[in-house]
Structure formats: C-alpha cells, structure tokens
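S.K.: Residue numbers (the UniProt record's numbering): 1 to 295. Virtual Cβ for every residue (Gly too), placed ideally from N, Cα, C.
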Amino acid sequence: MTGPRCRRKQRPSGRPGPRGTRAPQHPTPDAGWTARRAAGAAGAEARGRDLPPQRKPAKPTAPAKGRPERGDFVQLPVPIIQQLYHWDCGLACSRMVLRYLGQLDDAEFEQALQELRLTRSIWTIDLAYLMRRFGVRHRFCTQTLGVDKGYRSQSFYRKHFDTEETRVNQLFAQAKTCKVLVEKCRVSVQDIQAHLAQGHVAIVLVNSGVLRCDLCSSPPKYCCFTPSGPRCFCRSPDYQGHFIVLRGYSRAAGCVFYNNPAYADRMCSASISNFEEARTSYGTDEDILFVYADS
Ligand SMILES: [Zn+2]
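1) Going by alpha carbons, who is nearest to A295 out of A175, V201, V187?
2) What first and last residue would you give for the alpha helix (DSSP H) that runs through Q111?
3) Spatial neighbours of N274 within its chain, please: C-beta separation below 8 Å, excluding the five flanking residues on both sides.
4) Rounded to whole angstroms, what's the CA-CA distance from G135 to V245? Just pull it up for me.
5) Within the structure, which residues are defined as neighbours of ligand 1 by a Cβ-heavy atom distance below 5 Å, reported in chain order?
6) How would you write the range of the alpha helix (DSSP H) that residue 312 sits in, first residue to last?
7) Excluding the 5 residues flanking A175 on each side, which residues of the same chain have their C-beta closer than 7 Å to its C-beta?
8) State the start and end residues of the unbroken beta strand (DSSP E) segment that holds H138.
9) Got a sec, what are the start and stop residues for the beta strand (DSSP E) I80 sits in?
10) Please classify A202: does DSSP put it in a helix, a strand, or coil?
11) Quick check on T177: buried or exposed, where buried means 16 or more other Cβ atoms within 10 Å of its Cβ?
12) For the beta strand (DSSP E) containing I288, name the first residue and the last one.
13) For Y129, which residues in the same chain have their Cβ closer than 6 Å to its Cβ, ignoring the five residues on either side in sequence?
14) Assuming S250 is part of the beta strand (DSSP E), what are its boundary residues?
15) Looking at the structure shown, is A23 part of a helix, part of a strand, or coil, going by DSSP?
16) Going straight from the alpha carbon of S121 to that of I192, what length do you get?
17) Would DSSP call K184 helix, strand or coil?
18) For N169, which of H195, T124, Q190 has the nearest alpha-carbon?
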C-alpha cells in the first residue's frame, strides 16, 4: 500500500469525464498523445526529438537466423492503434486485438460501446464483455472477482466509487450467464508464452509507472494516464494502471513485445522481469485477458 496516490486497477486511465461525454485529454509535452487515432505505423508521423526511429512490425513468428526452436521467438503482427483519450487505453487495446483477429468494424465497435455503456471508465471486466460481444473466445484471469472495497477510502475515487462498485460487481455476477469467462487464477510467464506461441494475444493490465520499454530511448511520459489536472505524476512510482497488448517474446533476449496504446508508431519491449513486476504490481490484481485467435 503506497498511500492515497495509489490507483485502483481496473480504472487505468484516470478520472472519467462527465457521463456521456468524452473528456478532453491532458496533452503531454512530446505531443504524442493528441486526439487522433492512428491506424498503424504507416500513418504515424515522426514525433518528438528524443524518440527512436520508427520500428517496423516484424513478421509473425519468424525465427531469426540462429534462433533454433519454434516457440523461442514470437512476434505477432498486431496492428498499432493509439488511444484517443486519457481513459480509453483499454478500448484501444480491444481495437488492436479485434483488428488482429480481422473482426474490427468501426461502426459495430461504436455500437458495442454504446450497448455496453463503455463511455466513461473502463475496467478489465468491461473488456471481457466487449470480447464476448464480438463473439471472441477469451479468458479473463484476475486475483479479485469484483471490486476491492479497500479502495473506497481513496479520495480520488470516492465520488464515483459506489456507482462503479455496483456496476462492476454486477458484471462479475452476471459473467457466467453472459458467457463471459472469468477465473480467479494466477498466471505464469510460461502460461503467457505458451499462449502467444499459438498465435493468440492478451490484453494485460500493468503499472505503467513500473513498465520500462527497452526500445524507447527516453522514459515514456505517462502523465496522460493520471487524472487530468495540474499535477504531474511522471516521476511517481505509484500505481498507474494502463492496458497494453502483448504480442510476443524472445527467449534468447529474455523480453516480451507489446503494443502500448499511448503510441501510434512503435512496438515496445520490456524485460520479462520488468514486465512481471509491472503486471503483478499492487493495484493490477494481475488482470490479464487472454484472447484466442481461433475465435
Ligand atoms: Zn517503447
């Protein structure tokens, strides 16, 4: 427990806007987080003087020379889609996954958001329902089936806590009936790698304050994932929930590959130990949404 600045897991992107609106975002200095959605690396502009050259997505599961075994190196061609607002990283991840599966229809996606009322705060369980809505096979693993009541006392959430608690607990309670697969379980890196090796992907809740990309030359600026306002949490070690899409790994390099919806132009990579620390960090409940490509 790290005090009042800790953020609750399933609301990773800060304070939601007023009901029915999409709050304007809190721009970051590198201008990489503007209200635009890039539909892949091709459309991305060069940004920020301290950013690395654009990296082209690698071909899927093609072992590089010298890498002996199938399954030692996986890099799935998951398209990159940038989030639009400070709260919708989970939706951007869902779009990436659906496009990877060839099931993203923008009009239908918008309709689904309306049906599921995903216009405010997004919890991991919401993303599971979204996958279900598109008929996508999935499995949501978490350490807490519902909302952690310990969260209520935190001032940042007090205003919305009761509404959200009721809504989210209802989603958990109705999951089985709605054919949304939720399990209380712990997942290992080996489980995740086996999943990816079969061409499947996963949306993972991480503490973005912990996750470090080895490909980005400067530490990512995560102000946008905190409540908008004058305070900057860039250097805060506290929990800042953020969704990413896991798309591969290298056993030889000991790293994972992922798409960070904060960016429109790159695939990111973190060491396995750092990734593990980020996804098991306090506040995440180790939420991971496995999505299957054979849906
Ligand atoms: Zn990166």
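M.R.: Considering the structure as presented:
1) Note that residue 295 corresponds to Ser in the displayed sequence, not to Ala. That would be V201, whose Cα lies nearest to the Cα of S295.
2) Going by DSSP, Q111 is part of the alpha helix (DSSP H) stretching over 106–115.
3) In chain order, V210, L211, R212 place their CB closer than 8 Å to the CB of N274, counting only its own chain and leaving out the 5 sequence neighbours on each side.
4) The straight-line gap from Cα to Cα measures roughly 19 Å.
5) Those residues placing their Cβ nearer than 5 Å to any heavy atom of ligand 1 are, following chain order, C213, L215, C216, C268.
6) It is not possible to answer for residue 312, since the shown part of the chain is limited to 1 through 295.
7) Hits under 7 Å: V182.
8) Residue range 138–142 is occupied by the beta strand (DSSP E) that includes H138.
9) Here I80 belongs to no beta strand (DSSP E), and DSSP marks it neither H nor E.
10) In the structure shown, A202 falls within a strand segment according to DSSP collapsed to helix, strand and coil.
11) Label assigned to T177: exposed.
12) Note, I288: beta strand (DSSP E), 288–291.
13) Hits under 6 Å: L116, V180.
14) Where S250 is concerned, the enclosing beta strand (DSSP E) stretches over 241–250.
15) Here A23 scores only 32 on pLDDT, less than 50, and its place in the model should not be relied on; the value that follows carries that caveat. Residue state for A23 is assigned as coil, using DSSP reduced to three classes.
16) Cα to Cα, S121 sits roughly 27 Å from I192.
17) Strand.
18) Ranking the options by Cα distance to N169, first place goes to T124.
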